[in-house]
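Undergrad: Residue numbers (my numbering): 4 to 350.
#1: Look at the alpha carbon of residue 265 and the alpha carbon of residue 213, and state the distance between them as a whole number of angstroms.
#2: Are residue 183 and residue 11 close, meaning C-beta to C-beta below 9 angstroms?
#3: Between the Cα of residue 59 and the Cα atoms of 43, 17, 67, which residue gives the shortest distance?
#4: Using a threshold of 9 angstroms, state whether the C-beta atoms of residue 157 and residue 105 are closer than that.
#5: Mind pulling the beta strand (DSSP E) runs of 3 or more residues that sit fully within the stretch 203-262?
#6: Going straight from the alpha carbon of residue 306 to that of residue 250, what length do you get?
#7: Within the same chain, show all residues whose beta-carbon is closer than 6 angstroms to that of residue 18, passing over the 5 residues directly before and after it, in chain order.
#8: Over what stretch of residues does the alpha helix (DSSP H) that includes residue 15 continue unbroken?
#9: For a test of the three-state rule: what should DSSP assign to residue 349, helix, strand or coil?
#10: Starting from residue 60 and walking both ways along the alpha helix (DSSP H), at which residues does that stretch end?
#11: Relative to the alpha-carbon of residue 133, which residue among 57, 242, 121, 174 has its alpha-carbon at the smallest distance?
#12: Under the three-state reduction of DSSP, which class applies to residue 89: helix, strand or coil?
#13: Is the beta carbon of residue 115 less than 9 angstroms from the beta carbon of residue 122?
#14: I'd like to know if the stretch 288-302 and the stretch 315-331 are in contact, where contact means that at least 3 CB-CB pairs between them fall below 8 angstroms.
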């Protein structure tokens, strides 16, 4: 059975036409889903009962269930969702008061197969990909919630595919979700306001470049040499740093967009001045921005953030060598909503 939340506006209209109903009925259904956040046919009160029955026979509407919601002092909200098959995923709302941005971090898979040594998501491995509707419904449900939760009914302005899973391993559904989220008559969030984060799947980076759809690319690097990156990120044993940077340069050439390199700094692991110098040498000349992320605690992985003076020195070395660098502001770690803390299983 097709899922209406996995269809673009045109696909939805065509499906409604195929049932024998005119275009405006399709527009009404689209508006119920994306403007009103409705997933129950019985609540679509301007749709004839016969049409609602026909829709129920031929189409489902994905409707993920909120199991738990935690809010941090900084305004960050973490959501735990239950899917129809009983699996769980998490996503996060992150308000940035200084810039006025309202970002959400959404999941693309149930778990993750890549097993990075500093990330909670991969502890239990990969269960399955999310379908397009499950990706989109995170956005819809969070938008509904923050509209009720926050004064002024803020609109989601930015989407980062940086939650659970490797987005490029589910590229078809991720790109389809981005296309639907971008629809003018729907959520209307620009492609340039979306970012896909990857651990470094080289063929898929090139495929994303070929699409040239203006979605941003963030690469989880975390080490400036293969020896260390092999230990931290098993994907590097398949795609080396040289191969990864070749794909990144191809993406930049094709899209004209700057790439972000994410670097989680872990105490005594990858935070030495020598590694900072290696990183500067590695990325010099690439149109990029480096986002330094002090490691967030994951109890099962025994990871610690670096002391402040070590972080400051690492940052200083990169900046003094002409690189564009920011240190990510810590948000949501107290509710385990920060980078590397999202997980599938909960006690």
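Glycine included, every Cβ here is placed at the ideal spot set by N, Cα and C.
This one's a predicted model, so the numbers in the text were calculated from it and none came from an experiment.
TA: Reading off the structure:
#1: 23 angstroms
#2: yes
#3: 43
#4: yes
#5: 219-223
#6: 30 angstroms
#7: none
#8: 12-21
#9: Low per-residue confidence applies at residue 349: pLDDT is 49, beneath 50, and the placement is therefore not dependable, though the value from the model is reported in the following sentence. Three-state result, residue 349: coil.
#10: 52-61
#11: 174
#12: coil
#13: yes
#14: yes
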